[in-house]
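So for the sequence shown, our numbering puts the first residue at 15; every next one is plus one.
Beta carbons are placed, not taken as given, at the ideal position from N, Cα and C, and that holds for glycine.
Working notes for the structure below.
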Amino acid sequence: MCPFHPFLAFGVKTMNPVRVRFAPSPTGFLHVGNARTALFNWLFARQHNGRFILRIEDTDVERSFSAFEEQLIMDLKWLGLEWDEGPETEGEFGPYRQSLRLLTYRDYTRRLLEKKAAYHCFCSSEDLEREKNTAVSEGRMPLYSGRCLKLDPKESAARIAGGEEAAVRLKTPECGELSFDDDVRGTVSFDLSLVGDPVIVRSNGHPAYNFAVVIDDHCMNISHVIRGEDHISNMPRQILVYKALSLPLPRFAHLSMVMGEDNTRLSKRHGATSVRQFDDDGILSSALANYLALLGWSPPEDREVLSLEEMVPLFNLKKVSRSAAIFDYKKLHWLNRQHLKRQPVEQLARAAFPFLKDEGILPADMTPDLWAWLEKAVGILIEKVDRLSDLSPHFAALFEYSPEKLDGEAREILSSDCARKVLFSVHEELKTLEKVDFAAFGILTKKVKEQTGCKGKELFHPLRVALTARTSGLDLDKFIPLVEEGAELSFPAPLKNCRSRVSEILNYLGETGSR
Ligand code: GLU
């Protein structure tokens, strides 16, 4: 027999305007699963002309670090998910960091104690451990026995007045069912006989997550709580706090977990998992945001390549899938390639610069001439890669020119009669050119063809090997202007122009007797 408990009858607020929040705990780097939660909240707020709030949940003092918070803030900004209220911007419902809101929690705790909806618990951790072990050995759920609930209130008050440390527990119904409507998962129900009286304030005075989150969502006028499905199990405790304080509930939407391809939760084992790592790996923020949106949501008409702005009108929280989202790195790389193609070269050059600087290809102090060259080079080479971090070898290939490292195929090409004639002729003709741009090179190859009688492969293969010391690579119409213009600039390692390349290979072949 389960007596009626007033907590079990409750309403949900119908709220306008939309106010949503992302509430990370600064206990680690921003995981892509959490970044997706932030993104869905952001999209939902923007779509409804609502407010997106960032709240730092740092009441777990042992595990929260300001360095993680700083990084988190940088990562959200990098993704383009700027908040309307929160750290830095502030707002009328602040402060937006839980460690600065302790007085508010204290006030709500007092109200609960006064209403006798909560009580002090003096049990030591050893007592609780013992109780738990007994329950487990007897095959019962390890729920709090309610021992301190039975204390005489006068005794309890005297112990507190005497300075004894105590936690605060919420009094909960012993049985019954609790359900709520989730915008992603539909109706979700819980058996209250499986929920013990939860600690809402620890004996050190810090609020428990399930308490602070309710107070904050209420005080910040949150209309929709959109977060990871790992919080579903917290729902009964949170709903019971709302009810104990007679507060209306916001709407809830719990997003499925992000899994690796083997259906286990996405972790380091699968590859990069934090937003920072993806940036370090050369994924553009627009591509990562685009990919995260596709984890559980399918845009209409199969439009997959989308910027944040393009996603705003299309996003539909009600269409977000409740099945687990599988993180597919290949798909992310494909999307990144599409986003790379959409970027203006100036931005691509800025984004590529740190990778090329770290590889020692570009100097730290870039001149306007170097930037102009970089834009041209990135504009050409970007089509060869999925990620900015993959650009370095393509740049390095422009700088490396080592006839002594020619491979067998290249040597074979240079060993023909035609090759010898072509190289000599090119060498002589290059001396006559003032500027070796591609147009001039075209005229030069015509002359070489006339002089040597070599054409087609016999002409162009030796030319390619002579200029690049390789048998494949960029088309020469792109390669020649890049090395010619680059040769005038100062890079950490010099870029050789066509003339010196041809001289060098002739010298090398002469010295080694290869011709
Ligand atoms: N601070 C919680 C977390 O980082 C989120 C709480 C919530 O969204 O309700 O998992």
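**Study point:** Range covered by the alpha helix (DSSP H) that runs through Cys-233
**Key:** Cys-233 -> alpha helix (DSSP H) spans 223–233.
Check your understanding: Grouping DSSP H, G and I as helix and E and B as strand, with all else coil, what is Glu-499?
Key -> In the displayed model, Glu-499 falls within a helix according to three-state DSSP.
Practice item. Count the other C-beta atoms from every protein chain shown that fall within 10 angstroms of the C-beta of Ser-281, then say buried if there are 16 or more, exposed otherwise. Key: Under this definition Ser-281 is an exposed residue.
Practice item. Specify, as a first and last residue, the run of the beta strand (DSSP E) that Gly-200 falls within. Key: For Gly-200, the enclosing beta strand (DSSP E) covers residues 200–205.
Exercise for review: Given a cut-off of 7 angstroms, decide if Ser-403 and Val-293 are closer than it, judged by their beta-carbon atoms.
Suggested key: For the record, residue 293 in the displayed sequence is Asp; it is not Val. Going by C-beta atoms, Asp-293 is not nearer than 7 angstroms to Ser-403.
Practice item. Using a threshold of 7 angstroms, state whether the C-beta atoms of Gly-105 and Glu-99 are closer than that. Key: Between Gly-105 and Glu-99, the C-beta gap is smaller than 7 angstroms, which places the two residues in contact.
Practice item. Figure out for me which residue from Arg-77, Glu-83 and Arg-69 has the closest Cα to the Cα of Pro-109. Key: Nearest of Arg-77, Glu-83 and Arg-69 to Pro-109, Cα basis: Arg-69.
Exercise for review: Spatial neighbours of Leu-298 within its chain, please: CB distance less than 8 angstroms, with the 5 preceding and 5 following residues excluded, ordered by chain position.
Suggested key: Excluding positions up to five away in sequence, the list reads Asn-350, His-353, Leu-354, Gln-357, Ala-365 and Leu-402.
Check your understanding: Leaving out the 5 sequence neighbours to the left and right, which residues in its chain are closer than 6 angstroms to Val-319 when beta-carbon positions are compared?
Key -> Only Gln-352 meet the Cβ criterion.
Check your understanding: Which residues in the same chain have their Cβ closer than 6 angstroms to the Cβ of Glu-145, if we skip the five residues on either side of it in sequence?
Key -> Excluding residues within five positions, the ones whose Cβ falls inside 6 angstroms are Ser-159.
Check your understanding: Span of the beta strand (DSSP E) holding Ala-267?
Key -> Start and end: 265–269.
Check your understanding: Using a Cβ-Cβ cut-off of 7 angstroms (strictly less than) and excluding sequence neighbours within five positions of Ile-340, which residues of its own chain qualify?
Key -> Sequence-distant partners of Ile-340 (beyond 5 residues in either direction) whose C-beta falls short of 7 angstroms from its own C-beta, in its chain, are Met-273 and Glu-275.
Check your understanding: Among the residues of its own chain, which have a CB less than 8 angstroms from the CB of Pro-495, if the five just before and after it don't count?
Key -> Leaving aside the five residues that flank Pro-495 on each side, the residues in its chain whose CB is nearer than 8 angstroms to its CB run, in chain order, Lys-390, Asp-451 and Phe-452.
Point to revise | Arg-279 (DSSP reduced to helix, strand or coil) | key: Here DSSP, grouped into helix, strand and coil, assigns Arg-279 to strand.
Practice item. Answer with buried or exposed for Phe-18, where buried requires no fewer than 16 other C-beta atoms within 10 angstroms of its C-beta. Key: Legend: pLDDT at Phe-18 = 44, less than 50; position of this residue unreliable, no value from coordinates given.
Check your understanding: Distance, Cα to Cα, Ile-396 vs Ala-501?
Key -> Going by the C-alpha atoms only, they are around 21 angstroms apart.
Exercise for review: Evaluate Arg-115 with the Cβ neighbour count: other Cβ atoms within 10 Å of its Cβ, from every protein chain shown; 16 or more gives buried, anything less gives exposed.
Suggested key: Arg-115 should be labelled buried.
Review point. Below 8 angstroms, can you find three or more Cβ-Cβ pairs linking the stretch 369–382 to the stretch 467–480?
Key: Segments in contact, no.
Check your understanding: Using a Cβ-Cβ cut-off of 8 angstroms (strictly less than) and excluding sequence neighbours within five positions of Ala-1, which residues of its own chain qualify?
Key -> Any question about residue 1 goes unanswered here, given that the chain covers just 15 to 529.
Practice item. Verify the contact flag: Arg-50, CB atom, against every heavy atom of ligand 1, threshold strictly below 6 angstroms. Key: Taken from the Cβ of Arg-50, every heavy atom of ligand 1 lies 6 angstroms or farther away.
Point to revise | CB of Arg-183 within 7 angstroms of CB of Val-227, strictly | key: In this structure, the beta-carbon distance from Arg-183 to Val-227 does not fall below 7 angstroms.
Check your understanding: Buried or exposed: where does Glu-448 fall if 16 or more other Cβ atoms within 10 Å of its Cβ makes it buried?
Key -> The residue in question, Glu-448, is exposed, as its Cβ has fewer than 16 Cβ neighbours within 10 Å.
Review point. With Ser-416 and Ala-507 assumed to form a contact (beta carbons below 8 angstroms), what rounded beta-carbon distance in angstroms separates them?
Key: In this structure Ser-416 is not in contact with Ala-507, their Cβ atoms being roughly 12 angstroms apart against a cut-off of 8 angstroms.
Check your understanding: Is there contact between the stretch 125–140 and the stretch 64–84, where contact requires at least three CB pairs shorter than 8 angstroms?
Key -> Taking 8 angstroms as the limit for Cβ pairs, the verdict is that the stretch 64–84 does not touch the stretch 125–140.
Review point. Beta carbon of Val-436, beta carbon of Leu-473: below 7 angstroms?
Key: Remark: C-beta atoms of Val-436 and Leu-473 approach each other more closely than 7 angstroms.
Review point. Can Arg-35 and Ile-246 be called in contact, C-beta distance under 7 angstroms?
Key: No, they are not a contact pair.
**Study point:** Neighbourhood of Glu-423 by C-beta distance below 8 angstroms, restricted to the same chain and skipping five residues each side
**Key:** So the qualifying residues of the chain are Thr-485.
Practice item. Kindly provide the ranges of any alpha helix (DSSP H) runs that are 4 or more residues long and lie completely inside the stretch 79–110, ordered along the chain. Key: Entirely contained in the stretch 79–110, the alpha helix (DSSP H) runs reaching 4 residues are, in chain order, 80–93.
**Study point:** Rounded separation between Ser-170 and Cys-233 - CA only
**Key:** Whole-angstrom Cα-Cα distance: 30 angstroms.
Review point. Any chance the CB of Arg-69 is under 6 angstroms from a heavy atom of ligand 1?
Key: Flag unset: Cβ of Arg-69 not near ligand 1.
Point to revise | Val-215 - partner residues in DSSP beta bridges | key: Paired residues: Val-182 and Pro-221.
Check your understanding: Leaving out the 5 sequence neighbours to the left and right, which residues in its chain are closer than 6 angstroms to Leu-157 when beta-carbon positions are compared?
Key -> Taken in chain order, the residues that qualify are Gly-210.
Check your understanding: Does the Cβ of Ser-39 lie closer than 6 angstroms to at least one heavy atom of ligand 1?
Key -> Yes - ligand 1 has a heavy atom lying nearer than 6 angstroms to the Cβ of Ser-39.
Review point. Within this structure, are the beta carbons of Arg-33 and Val-198 separated by less than 7 angstroms?
Key: No, these two residues do not count as a Cβ contact at 7 angstroms.
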